[in-house]
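Numbering (the working numbering), first residue to last: 1 to 414. In this text, a Cβ means the ideal position worked out from N, Cα and C, and glycines have one as well.
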Amino acid sequence: MNLTESFRMSLRSLRANKMRSGLTMLGIIIGTGAVIGILSVGRGAEAAIMEQIQGIGANLIFILPGQLQQTGGRPTMRDWEPLTREDAEALADPERAIYVSAVAPNIERTVSVTYHGDSQQVRMIATTAEFEHVRNSPAEYGEFFTTGDEAAGARKAVIGAQTAEDFFGEPGLALEEPIRINGVPFKVVGVLESKGGGGFGGSQDAVVIVPLSTAMRRLFSGRFLSAGGQRVDVIYASAIDESSIDSAIDEITWVLRDRHDIEYEEDDFTVASQEELLDAMSQVTNVLTIFLSAVAGISLLVGGIGIMNIMLVSVTERTREIGIRKAVGARRSDILWQFLVEAIVLSVTGGLAGIGLGWALSALVNTLDAFVTHVSPQAVALGVGFSLAVGVFFGIYPASRASNLNPIDALRYE
Numbered sequence: 001m002n003l004t005e006s007f008r009m010s011l012r013s014l015r016a017n018k019m020r021s022g023l024t025m026l027g028i029i030i031g032t033g034a035v036i037g038i039l040s041v042g043r044g045a046e047a048a049i050m051e052q053i054q055g056i057g058a059n060l061i062f063i064l065p066g067q068l069q070q071t072g073g074r075p076t077m078r079d080w081e082p083l084t085r086e087d088a089e090a091l092a093d094p095e096r097a098i099y100v101s102a103v104a105p106n107i108e109r110t111v112s113v114t115y116h117g118d119s120q121q122v123r124m125i126a127t128t129a130e131f132e133h134v135r136n137s138p139a140e141y142g143e144f145f146t147t148g149d150e151a152a153g154a155r156k157a158v159i160g161a162q163t164a165e166d167f168f169g170e171p172g173l174a175l176e177e178p179i180r181i182n183g184v185p186f187k188v189v190g191v192l193e194s195k196g197g198g199g200f201g202g203s204q205d206a207v208v209i210v211p212l213s214t215a216m217r218r219l220f221s222g223r224f225l226s227a228g229g230q231r232v233d234v235i236y237a238s239a240i241d242e243s244s245i246d247s248a249i250d251e252i253t254w255v256l257r258d259r260h261d262i263e264y265e266e267d268d269f270t271v272a273s274q275e276e277l278l279d280a281m282s283q284v285t286n287v288l289t290i291f292l293s294a295v296a297g298i299s300l301l302v303g304g305i306g307i308m309n310i311m312l313v314s315v316t317e318r319t320r321e322i323g324i325r326k327a328v329g330a331r332r333s334d335i336l337w338q339f340l341v342e343a344i345v346l347s348v349t350g351g352l353a354g355i356g357l358g359w360a361l362s363a364l365v366n367t368l369d370a371f372v373t374h375v376s377p378q379a380v381a382l383g384v385g386f387s388l389a390v391g392v393f394f395g396i397y398p399a400s401r402a403s404n405l406n407p408i409d410a411l412r413y414e
């Protein structure tokens, strides 16, 4: 008997027990669908994160407080000194860092923004005028606040496109309008170009930016003052061009070591380029995707066990049929292929249905406007391959058991 005949017999057997066949495939359907869905979400999340990072500025360098180190095999944070505005001013000195074109110290907090009684929680960035260049954040309407505004502690605010729409309906209507940030009055002088990017880390357009000096005096009430100066959360720097990023990082490292009075390998800060951050985030999303896919893959194994159990039941129910076929000349290989093909058909059919389920899950996530998911050909091939492997692996034992039945004992089976 050839494979075509084995396939026809398998389909007849499965159609004769439609309910049982459907329930048997359920584990494979759910497992394959979950794997496809998770892979598509993982790729979409990675693309969204990469897009956000790439959109925050060209030739960007991040300076963060603290230095990660390994202790007993576990990553821990070494004792560290906070970064300060004075650190940023030293980095902006062209005589000390010739490859650094601009520097912007930042403090980020969530604040209450109010306009005509409408109040919302919005991410606030307190920074300097250089932020516009360093983070590639030009104003589409109005203008960014100036160095003079920052020095004078002007109560001016630049808001993101989403924040402008939330409060004013249209971005252009926000200019010169009064808002309150934690109860302190500010005037909107600019609306940023839209950068998009919802979902991870929130939209880059849902933001309000104010001068750092103003925030220190009016909003933080000296909470960020320390012996070393005005503490900041992070310092952003921009290299003069892409080829100078490594040189700029070296300069930044030496300037901060000098200011913090520390030696080589005692760094209490972290300096990373945009490319390094992209690589790190890509690794994180890849590990998370693999882990979640492995968890979802467990249901594939459960589905495979279900197929094996049902096939063993089928062998028992069809013992006399097997005996008759062997008595009229069927070979062991004929019986083996008949039941193995039946298990493979169950598994692959469930896998194809699972791919459809994964596609539907991906489409559902797309409707949430968090990020765009993508079902890749590799993910589809992986789903088909796994379901085929499950069918072969869990179908071989029942098929082997059926092929090894003694025809005389099988004919006497009641």
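Ranked by Cα distance from residue 39, the options 397, 379, 394 and 391 are led by 379. Contact between residue 24 and residue 310 holds: their C-beta atoms lie close to 5 Å from each other, under 8 Å. Look at residue 98 here: in three-state DSSP terms it is coil, with no helix or strand label. In the DSSP assignment, residue 326 falls within the unbroken alpha helix (DSSP H) covering 319 to 327. The DSSP assignment places no complete alpha helix (DSSP H) segment of no fewer than 4 residues inside the region 163 to 190. A residue is called buried once 16 or more other Cβ atoms fall within 10 Å of its Cβ, and residue 264, having fewer, is exposed. Across the set 401, 339 and 388, the C-alpha of 339 shows the shortest separation from the C-alpha of residue 14. No Cβ-Cβ contact shorter than 9 Å links residue 6 with residue 359. Put simply, the backbone Cα of residue 124 is about 13 Å away from that of residue 131. Counted as a single uninterrupted DSSP element, the beta strand (DSSP E) harbouring residue 142 occupies residues 139 to 142.
According to the DSSP secondary-structure assignment, residue 124 is paired through a beta bridge with 109 and 208. Its chain contains 59 and 99 as the residues whose beta carbon lies nearer than 8 Å to that of residue 244, once the 5 sequence neighbours on both sides are disregarded; these appear in chain order. CA-CA distance, residue 109 to residue 221, rounds to 14 Å. At a Cβ-Cβ threshold of 9 Å, residue 282 and residue 86 do not count as neighbours.
A distance below 9 Å separates the beta carbons of residue 49 and residue 285. Contiguous alpha helix (DSSP H) elements confined to the region 352 to 408 occur at 377 to 403, taking only those with 4 or more residues. Under DSSP, residue 156 shares a beta bridge with 187. In its chain, beyond the 5 residues on either side, 29 and 33 have a beta carbon closer than 7 Å to the beta carbon of residue 357. Linking residue 233 to residue 366 through their CA atoms gives a straight-line distance of about 34 Å. Inter-residue distance for residue 249 and residue 273 is about 8 Å (C-alpha atoms, whole angstroms). Residue 27 places its beta carbon less than 9 Å from that of residue 305.
Taking all protein chains in view, the Cβ of residue 291 is surrounded by fewer than 16 other Cβ atoms within 10 Å, so the residue is classified as exposed.
Taking residue 386 as reference, the option from 363, 350 and 405 with the minimal CA-CA separation is 350. Across the structure, residue 138 and residue 254 are spaced so that their CA atoms are roughly 31 Å apart. Beta-bridge analysis with DSSP links residue 316 to no other residue. When beta bridges are read from the DSSP output, residue 240 appears opposite no residue. If you compare the alpha carbons of 82, 315, 407 and 152 with that of residue 267, the shortest gap goes to 82. A residue is called buried when at least 16 other Cβ atoms come within 10 angstroms of its Cβ; residue 185 does not meet this threshold and is exposed.
The C-alpha of residue 149 lies about 12 Å from the C-alpha of residue 158. Excluding the 5 residues flanking it on each side, residue 398 has same chain C-beta neighbours closer than 8 Å at 308, 311, 312, 314, 315, 339 and 343, in chain order. Around the beta carbon of residue 373, 16 or more other beta carbons lie within 10 angstroms, which makes this residue buried. Under the three-state reduction of DSSP, residue 269 is assigned to strand. The Cβ-Cβ distance between residue 117 and residue 289 does not fall below 9 Å.
About 4 Å separates the beta carbons of residue 141 and residue 191, which is inside the 8 Å limit, making them a contact pair.
Collapsing the DSSP output to three states places residue 229 in a strand. Around the beta carbon of residue 187, a 10 Å sphere encloses fewer than 16 other beta carbons of the protein chains shown; the residue is thus reported as exposed.
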